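Visitor: Residue numbers (our numbering): 45 to 284.
Even glycine gets a Cβ: it sits at the ideal position worked out from N, Cα and C.
No experiment lies behind these values; they were computed from the predicted model shown.
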Ligand SMILES: Nc1ncnc2c1ncn2[C@@H]1O[C@H](COP(=O)(O)OP(=O)(O)OP(=O)(O)O)[C@@H](O)[C@H]1O
Ligand SMILES: [Mg+2]
C-alpha cells in the first residue's frame, strides 16, 4: 500500500511588492508518498523555492492546507514549526547554508545539538551519516576548503542526521557539473530506498527529472504534467 506523507491542498501564496500584489502559488495541490523521490521542475521565478519553504514550515501559505507525516502545519505555532523542521522535515536551501568557518563534523552536529542529543550519540550519528555520504575522511576539515560537490554532501548529511521523514532540496545540483549532479541524484535515490525518506527536489534542470520517481512542473502558480510513478518505485521500498 502507498502511504501519503506529504499532502498539499489548494495552497495559495501572494507577495506584496512595490509593483503591486504578486500571486506566486495559485491553488497548488499535490501528494508525495513514503520513500518516493519527487522532482518539481519550473522556470526561474515560478515559485519553486516558495513552495518548498511552505512545506518546510519556513513560510505560511495565505490559504490552503499542508499536512506532513500527520502534522497539519496550520496547527503548529512557531515553536512547533521549529521542532517540526528538526525532527520531521529537513530543508536544504538553494545556497546550502553550510558554515564555512566550522568543520564538516561541526556543521552536521548542529541539528543534534539543537535537539539536545548527548555528545556520545552525536559523534556516533555524525560519523555514520558522514560514512553514508562518502565524507568520513573529511570530518575535521573546514567546510571553506571543500569543493562544491562536497559542500552539497555536507548539506545533505546535515539534513539527514536527524532521520527526517521528508527531505526537501532546493536546486541541489545548480552549482555542480553534470557528473557531480548525477552523483547527488543517485545519493537521493539511495536515501529514499535505504531510509524510506520522502525526498522532494526542485530544479530548473529538466535533465535531473530522468532520475526521479515522479515529476511535476510548476507553471503559472499551479502544478502540471504530473508523470505517473516509474516502475522502479514499486521495487525500492518494502512499504510498497
Ligand atoms: N519574500 C518575498 N517578497 C516578495 N516577493 C517574493 C518573495 N519571495 C519570492 N518572491 C517572488 O515570488 C516569485 C517566485 O519566487 P521563488 O523564489 O519561489 O521562485 P523560484 O522558482 O524558486 O526561482 P529560481 O529558479 O530563480 O530559484 C518571484 O517573482 C519572486 O520575486
Ligand atoms: Mg528558487
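Ligand 4 and residue 145: does any heavy atom of the ligand fall closer than 7 Å to the residue's C-beta?
Guide: Among the ligands modelled here, namely ligand 1 and ligand 2, ligand 4 does not occur.
Visitor: Can you look up residue 275 in the DSSP assignment and give me helix, strand or coil?
Guide: The sequence position of residue 275 within the chain shown is 231, counting from 1. Here residue 275 scores only 45 on pLDDT, less than 50, and its place in the model should not be relied on; the value that follows carries that caveat. Helix.
Visitor: Just reading off the beta strand (DSSP E) that residue 247 is part of, what are its end residues?
Guide: Start at 1 with the first residue of the chain shown, and residue 247 comes out as number 203. Start and end: 242-247.
Visitor: Just checking my contact of residue 229 with residue 136 at CB under 8 Å: how many whole Å lie between their CB atoms?
Guide: As a first step, residue 229 must be located in the chain shown, where it is residue number 185. As a first step, residue 136 must be located in the chain shown, where it is residue number 92. Actually they do not touch by this definition, with Cβ atoms about 14 Å apart.
Visitor: Since residue 249 contacts residue 217 with CB under 8 Å, what's their CB separation in whole angstroms?
Guide: Translated into the one-based positions of the chain shown, residue 249 becomes position 205. Translated into the one-based positions of the chain shown, residue 217 becomes position 173. Yes, they are in contact, since the Cβ atoms of residue 249 and residue 217 sit about 6 Å apart, within 8 Å.
Visitor: Please go through the same chain and pick out, in chain order, the residues whose beta-carbon is closer than 6 Å to the beta-carbon of residue 282, but skip the five residues on each side of it.
Guide: As a working note, residue 282 is residue 238 in the chain shown. Since pLDDT at residue 282 reaches only 38, below the 50 mark, its modelled position is unreliable, and the value read off the structure follows with that caveat. Once the five neighbours on either side are set aside, residue 282 has no close Cβ partner at all.
Visitor: Name the DSSP beta bridge partners of residue 116, please?
Guide: Here residue 116 refers to the residue found at position 72 when the chain shown is read from its first residue. Per DSSP, 111.
Visitor: Just how far apart, CA to CA, sit residue 215 and residue 246?
Guide: Numbered from its first residue, the chain shown carries residue 215 at position 171. Numbered from its first residue, the chain shown carries residue 246 at position 202. If I take the Cα positions, the gap works out to 5 Å.
Visitor: Going by the C-beta, is residue 255 closer than 7 Å to any heavy atom of ligand 1?
Guide: Indexing the chain shown from 1 puts residue 255 at position 211. No, the Cβ of residue 255 stays beyond 7 Å of every heavy atom of ligand 1.
Visitor: Please state whether DSSP places residue 140 in a helix, a strand or coil.
Guide: Taking the chain shown and counting its residues from 1, one reaches residue 140 at position 96. Residue 140 falls in the coil class under three-state DSSP.
Visitor: Between which residues of its own chain and residue 152 is the CB-CB distance below 6 Å, once the five residues before and five after are set aside?
Guide: In the chain shown, residue 152 corresponds to position 108, counting from 1. Contacts found: 170, 201, 202 and 205.
Visitor: Am I right that residue 107 and residue 147 are in contact with their C-beta atoms under 8 Å? What's the rounded C-beta distance?
Guide: As a working note, residue 107 is residue 63 in the chain shown. As a working note, residue 147 is residue 103 in the chain shown. The Cβ separation is near 43 Å, so there is no contact.
Visitor: Provide the residue(s) that pair with residue 59 in DSSP beta bridges, ordered along the chain.
Guide: Numbered from its first residue, the chain shown carries residue 59 at position 15. DSSP output for residue 59 lists 66 as bridge partner(s).
Visitor: If we call anything under 8 Å between Cβ atoms a contact, is residue 110 one with residue 156?
Guide: Here the question's residue 110 lines up with position 66 in the chain shown. Here the question's residue 156 lines up with position 112 in the chain shown. Result no, Cβ atoms of residue 110 and residue 156 do not sit closer than 8 Å.
Visitor: Compute every distance between the C-beta of residue 214 and the non-hydrogen atoms of ligand 2, then say whether any falls below 7 Å.
Guide: Here residue 214 refers to the residue found at position 170 when the chain shown is read from its first residue. True, at least one ligand heavy atom lies under 7 Å from that Cβ.
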